[in-house]
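K.L.:
Please find one structure pasted underneath; my questions will follow.
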């Protein structure tokens with residue numbers, strides 16, 4: 006069994022329902038995302054169109070994050086899912102440097118690496134991932150890619166030639182496919198990111214990696230002191246000046 | 015890219031989440047820089063001990079492991095400090111994952127530091143015998159130094175192994191970078207050689223600073239090693255800077271330097287200060303043995319190396335990955 010995902014971008018309408026369902030199902034903290042939907046505007050006014058691309062972990066068969074993890078916190082499950090053991094993670098961020106898809110984040114609450122697990126806990130109970138269940142247009146298709154009769158396999162067969170993966174040149178053998186995508190949606194270098202020009206906010210780069218209230222000394226003192234609860238207001242500061250260094 | 019060149023295919027991200035900024039920052043730069051000194055002094059000392067009599071470098075036997083010990087500990091401290099869960103560092107030893115260069119490197123660096131510590135204790139025991147016999151009032155230190163002094167020959171027995179181990183300890187960071195497959199700029203075989211040249215550069219520079227009492231010939235060799243190391247390291251940086259492997263990701267990464275701005279200034283400041291200037295200064299001292307000028311070249315090389323490593327570490331992290 007090899008579980009995989011397929012997103013039909015022709016169907017996706019950018020409602021972000023999957024993004025929210027994922028957040029709720031997995032208690033993903035503010036400033037972090039396991040699944041996100043990116044809007045890209047193509048063309049020049051008035052001849053423009055907007056595309057929506059859901060992005061999540063690709064659960065690669067040859068996963069660079071699993072290879073670089075020094076303590077096997079990132080590991081394969083028998084069904085092909087690349088899972089995370091947050092209790093073992095040392096927070097070295099090696100996986101964040103290795104993942105070519107930028108799918109891993111440092112959880113600001115646990116200060117450990119985390120990412121989409123295809124809702125492994127739900128799969129174990131015979132349920133579908135939260136993002137699949139919530140999608141109003143069934144753009145998210147999930148199943149066993151090694152089973153020729155599964156819905157995902159049938160879908161791939163039906164769209165032969167039109168099925169793509171992100172960054173195939175990285176030889177990661179991703180198990181996350183797209184139908185209806187193009188270079189401009191799947192290649193992050195094929196579209197521009199204009200600093201400070203986003204639809205709703207001007208935050209383009211995070212200022213922190215992990216918990217912003219957890220400095221170097223706190224990391225050492227944490228086991229001996231209680232770490233206060235924060236209201237995370239800093240995440241909601243929309244006047245936040247965007248990261249000076251980043252972005253294209 | 016064609017997508018940017020004509021109006022019909024212009025594509026702009028209009029809604030996305032905030033992306034991570036620099037993940038591995040100055041602590042990792044400092045980590046790599048300190049390791050270059052920690053292993054580099056071993057290489058350079060091995061060459062000098064092969065080439066010259068011990069009398070020509072009277073303090074080398076103890077100063078080399080002391081320098082190495084200090085900088086290896088800086089390297090280990092910042093490796094630990096950069097972890098978000100520093101106490102779980104223990105997991106690298108309890109649950110090692112051997113495909114990871116981080117794991118292999120941590121094991122090798124720990125063993126290397128242990129061996130350097132032994133060399134340092136023996137070196138200090140031999141050099142300051144009288145002090146540890148009569149002046150030292152701390153009993154455990156006194157007995158340790160007495161024991162080390164009695165086993166002085168162990169130094170020469172383990173030193174060849176330390177030199178051999180210094181090679182993978184120097185190079186493993188390049189393998190971590192190679193495993194960081196999201197950062198294409200680091201995916202070059204040149205990274206291994208860059209690490210080796212950095213070690214020779216940092217090692218010779220560090221030893222120059224303690225070579226005041228050495229023979230002119232030994233110091234001349236140090237100047238030669240520094241000159242050769244900065245020359246080849248500079249040549250490799252230039253190759254990577256101008257040719258950029260013709261990969262779109264590497265080119266986009268280097269655009270952060272090519273396009274001007276803070277990283278451009280830091281890179282060229284580092285190249286001029288740490289590579290071009292030390293080359294001419296060090297070669298000029300080879301004939302007239304100007305110790306002050308050579309020390310100045312060594313300090314510049316150490317500063318420039320830090321700047322160059324800092325730029326190379328940070329720019330690939332600014333590229334959006336998805």
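Chains as they are written, first to last, in this note's numbering: chain V, 6 to 253; chain G, 15 to 336. Glycine included, every Cβ here is placed at the ideal spot set by N, Cα and C.
1. With distances taken from CA atoms, which of 329(G), 244(G), 136(G) and 289(G) is nearest residue 43(G)?
2. Considering only DSSP beta bridges, list what residue 111(V) is partnered with.
3. Can you pull out the residues from the region 101-113 of chain G whose beta carbon lies closer than 9 Å to at least one beta carbon of chain V?
4. Check the C-beta distance from residue 99(G) over to residue 70(V) and give it rounded, since I have them as a contact under 8 Å.
5. Report the neighbours of residue 225(V) on chain G: residues whose CB is nearer than 7 Å to its CB, in chain order.
6. Using only alpha-carbon positions, find the residue among 82(V), 151(V) and 111(V) that is nearest to residue 98(V).
7. Starting from residue 189(V) and walking both ways along the beta strand (DSSP E), at which residues does that stretch end?
8. Counting only beta-carbon atoms, is residue 372(G) nearer than 9 Å to chain V?
9. Helix, strand or coil for residue 55(V)? Go by DSSP, reduced to three states.
10. Give a yes or no on whether 9 Å exceeds the smallest Cβ distance from residue 28(G) to chain V.
11. Closest by CA to residue 78(V), which one among 112(G), 66(G), 333(G) and 41(G)?
12. Can you confirm whether residue 337(G), when its beta carbon is compared against all beta carbons of chain V, has any partner nearer than 9 Å?
13. Taking a contact to mean a Cβ-Cβ separation below 9 Å, would you say residue 196(G) touches residue 121(V) in this structure?
14. Below 8 Å on the Cβ atoms is my contact criterion, and I expect residue 73(G) with residue 229(G) to pass it. Report the Cβ-Cβ distance as a whole number of Å.
15. Output the boundary residues of the beta strand (DSSP E) element that contains residue 181(V).
16. Would you give the residue range spanned by the beta strand (DSSP E) that residue 131(G) belongs to?
17. So, helix, strand or coil for residue 44(V), using DSSP?
18. Cα-Cα, which of 33(V), 139(V), 49(V) and 162(V) is closest to residue 152(V)?
19. Grab the span of the beta strand (DSSP E) containing residue 148(V) for me, first residue to last.
20. Check whether chain V comes within 9 Å of residue 205(G), counting only Cβ atoms and requiring the distance to be less than that.
21. Put residue 194(V) into one of helix, strand or coil per three-state DSSP.
22. Taking residue 99(V) as the query, report the chain G residues whose CB atoms sit under 8 Å from its CB, ordered along the chain.
23. If residue 171(V) and residue 114(G) are in contact, beta carbons under 8 Å, what's the gap, nearest whole angstrom?
24. Under 7 Å between beta-carbons, which chain G residues line up against residue 158(V)? List them in chain order, please.
25. Please classify residue 218(G) as buried or exposed, where buried requires at least 16 neighbouring CB atoms within 10 angstroms.
26. Can residue 206(G) and residue 185(G) be called in contact, C-beta distance under 9 Å?
27. Does DSSP classify residue 169(V) as helix, strand or coil?
28. Which of the three DSSP states, helix, strand or coil, is assigned to residue 156(V)?
29. With a threshold of 8 Å on Cβ separation, who are the neighbours of residue 102(V) within its own chain once the five nearest residues in sequence on each side are excluded?
30. Buried or exposed: residue 45(G), going by 16 or more other Cβ atoms within 10 Å of its Cβ?
31. Within 10 angstroms of its Cβ, does residue 64(G) collect 16 or more other Cβ (buried), or is it exposed?
32. Say whether the region 264-279 of chain G touches the region 237-244 of chain G, bearing in mind that this needs 3 or more beta-carbon pairs closer than 8 Å, one atom from each stretch.
33. Can you name the residues of chain G whose CB is closer than 7 Å to the CB of residue 76(V)?
34. Strictly below 8 Å CB to CB, what residues from chain G border residue 228(V)?
35. Would you report the Cα separation of residue 140(G) and residue 172(G), rounded to the nearest angstrom?
36. Which residue wins for smallest C-alpha separation from residue 87(G), given the options 126(G), 238(G) and 77(G)?
P.N.:
For this structure:
1. 329(G)
2. BP columns for residue 111(V) point to 118(V).
3. 101, 102, 103, 104, 105, 106, 108, 109, 110, 111 and 113
4. At roughly 17 Å, the Cβ-Cβ gap does not stay under 8 Å, so residue 99(G) and residue 70(V) are not in contact.
5. 100
6. 111(V)
7. Where residue 189(V) is concerned, there is no enclosing beta strand (DSSP E), although the alpha helix (DSSP H) it sits in stretches over 188-191.
8. Lying before the first or after the last residue shown, residue 372(G) is absent from chain G, which here runs from 15 to 336.
9. strand
10. yes
11. 112(G)
12. Outside the shown range of chain G (15 to 336) lies residue 337(G), about which nothing can therefore be said.
13. no
14. So it is not a contact: roughly 12 Å between Cβ atoms.
15. Where residue 181(V) is concerned, the enclosing beta strand (DSSP E) stretches over 181-184.
16. Note, residue 131(G): premise wrong, no beta strand (DSSP E); alpha helix (DSSP H) at 115-141.
17. Reduced to three states, the DSSP call for residue 44(V) is strand.
18. 162(V)
19. 145-149
20. So, not an interface residue.
21. coil
22. 114, 116, 190, 193 and 194
23. Not confirmed; about 24 Å, so no contact.
24. Near residue 158(V) there are no residues of chain G at all, since even the closest Cβ is about 25 Å away, more than 7 Å.
25. Label assigned to residue 218(G): buried.
26. Yes.
27. strand
28. helix
29. 73
30. buried
31. exposed
32. The region 264-279 of chain G makes no contact with the region 237-244 of chain G: fewer than 3 CB pairs, one atom from each, lie closer than 8 Å.
33. Going along chain G in sequence order, the residues near residue 76(V) (Cβ under 7 Å) are 105, 106, 109 and 111.
34. 101
35. Those two C-alpha atoms are separated by around 16 Å.
36. Here the closest residue by C-alpha is 126(G).
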